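Participant: Shown below is the structure under consideration.
In structure tokens, the structure reads:
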């Protein structure tokens with residue numbers, strides 16, 4: 006085991022990462038709440054001790070050097086481990102206390118958080134959950150970087166090697182105007198019925214867009230020219246006669262009640278997503294995350310099916 010003093014401190018590693026992120030010594034100093042000369046002096050000490058040049062400086066810009074890229078990534082890893090160590094120490098006495106940072110994707114958050122938040126407060130009164138809404142790709146990156154402890158996402162997306170607890174299966178449903186030919190039946194809509202229809206979808210970057218396309222893969226639907234940034238916009242465009250769309254069942258009660266629309270379940274085998282809480286393997290806050298997953302599962306809204314049946318009549 007290495008017992009000699011290290012050539013750097015954790016604070017100096019924070020300075021390195023801040024400069025790499027900001028590409029500016031001034032902004033990095035402001036972010037770290039130190040003076041720019043102090044930050045520059047500390048980085049010069051690290052570069053001298055390591056014998057490498059981490060940053061290329063000119064009067065116009067700052068660049069991470071080739072060798073510096075590897076050092077910056079290793080610094081991030083060490084800081085993540087240090088953060089985990091601090092949180093582990095804080096939670097030894099009470100693992101279900103303190104603040105935990107969780108991400109959630111936009112096609113889940115408006116429909117899941119309102120019903121589960123009171124339940125979380127009731128079942129885990131000493132644990133505060135700070136939610137961050139973002140797209141799956143960004144949340145996975147934040148999770149890897151240690152910015153959040155976990156995220157509520159759909160398992161069908163590309164997530165990497167993570168630990169997980171399944172919350173619920175969320176079926177996809179078809180939404181149409183009442184006068185649309187597909188609104189006349191109450192049974193599950195088949196791929197054959199969808200063939201040639203114009204389907205409105207979310208914009209690129211939303212994992213639900215890819216999942217909806219997969220659910221209709223054999224129907225050869227025509228994608229509408231308009232791409233929405235939210236499920237609310239999709240439903241309102243359908244209400245205005247722009248086409249048809251798919252939405253997850255969890256969104257039905259919130260979105261469809263705003264407009265006079267018809268809802269039918271989808272018969273395709275892949276017509277669902279699996280909502281889960283994911284986190285880094287070996288996380289120091291895994292006991293708290295599993296407790297949160299249990300609470301989310303218990304409070305998950307399960308009235309969509311009966312609501313859909315009532316609207317289809």
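Residue numbers (my numbering): 6 to 318.
Glycine included, every Cβ here is placed at the ideal spot set by N, Cα and C.
Everything numeric in this text was worked out from a predicted model, so none of it was measured.
Just tell me which of 53, 27 and 163 has its CA closest to the CA of residue 11.
Facilitator: Closest by alpha carbon: 53.
Participant: Going by Cα to Cα distance, which pick from 201, 179 and 190 is closest to residue 217?
Facilitator: Checking every option, the nearest Cα to that of residue 217 belongs to 179.
Participant: Determine the DSSP secondary structure at residue 99, reduced to helix, strand or coil.
Facilitator: Reduced to three states, the DSSP call for residue 99 is coil.
Participant: Which of the three DSSP states is assigned to residue 21 in this structure?
Facilitator: In the structure shown, residue 21 sits in a helix (DSSP, three-state: H, G or I).
Participant: In whole angstroms, give me the CA-to-CA distance for residue 276 and residue 206.
Facilitator: Rounded to whole angstroms, residue 276 to residue 206 spans 15 Å at the Cα level.
Participant: When the Cα of residue 71 is compared with those of 57, 140 and 80, which residue comes out closest?
Facilitator: For residue 71, the nearest C-alpha among the options comes from 57.
Participant: Are at least three pairs of beta-carbons, each pair with one atom in the segment 300-307 and one in the segment 124-144, less than 8 Å apart?
Facilitator: Contact holds: three or more Cβ-Cβ distances are below 8 Å.
Participant: With three or more beta-carbon pairs closer than 8 Å as the criterion, would you say the segment 158-178 touches the segment 77-85?
Facilitator: Result no; under three Cβ-Cβ pairs closer than 8 Å.
Participant: Give the secondary structure of residue 70 by DSSP, where H, G and I count as helix, E and B as strand, and everything else as coil.
Facilitator: DSSP places residue 70 in coil when its eight states are reduced to three.
Participant: Measuring straight from C-alpha to C-alpha, what distance separates residue 94 and residue 107?
Facilitator: So the two alpha carbons sit approximately 20 Å from each other.
Participant: Assuming residue 124 is part of the alpha helix (DSSP H), what are its boundary residues?
Facilitator: Segment 114-128, the alpha helix (DSSP H) holding residue 124.
Participant: Just tell me which of 85, 30, 36 and 35 has its CA closest to the CA of residue 59.
Facilitator: Answer by Cα proximity: 30.
Participant: Would you give the residue range spanned by the beta strand (DSSP E) that residue 132 belongs to?
Facilitator: Counting along the chain, the beta strand (DSSP E) containing residue 132 begins and ends at 132-138.
Participant: For the candidate residues 307, 281 and 22, whose alpha-carbon lies nearest to that of residue 170?
Facilitator: Of the listed residues, the one whose Cα sits closest to residue 170 is 281.
Participant: For the alpha helix (DSSP H) that contains residue 51, what are its first and last residues?
Facilitator: Per DSSP, residue 51 belongs to the alpha helix (DSSP H) from 41-55.
Participant: With 16 other CB atoms within 10 Å as the buried threshold, where does residue 68 fall?
Facilitator: That one is exposed.
Participant: With 16 as the cutoff for other CB atoms within 10 Å, does residue 320 come out buried or exposed?
Facilitator: Beyond the ends of the chain as shown, which are 6 and 318, falls residue 320; an answer cannot be given.
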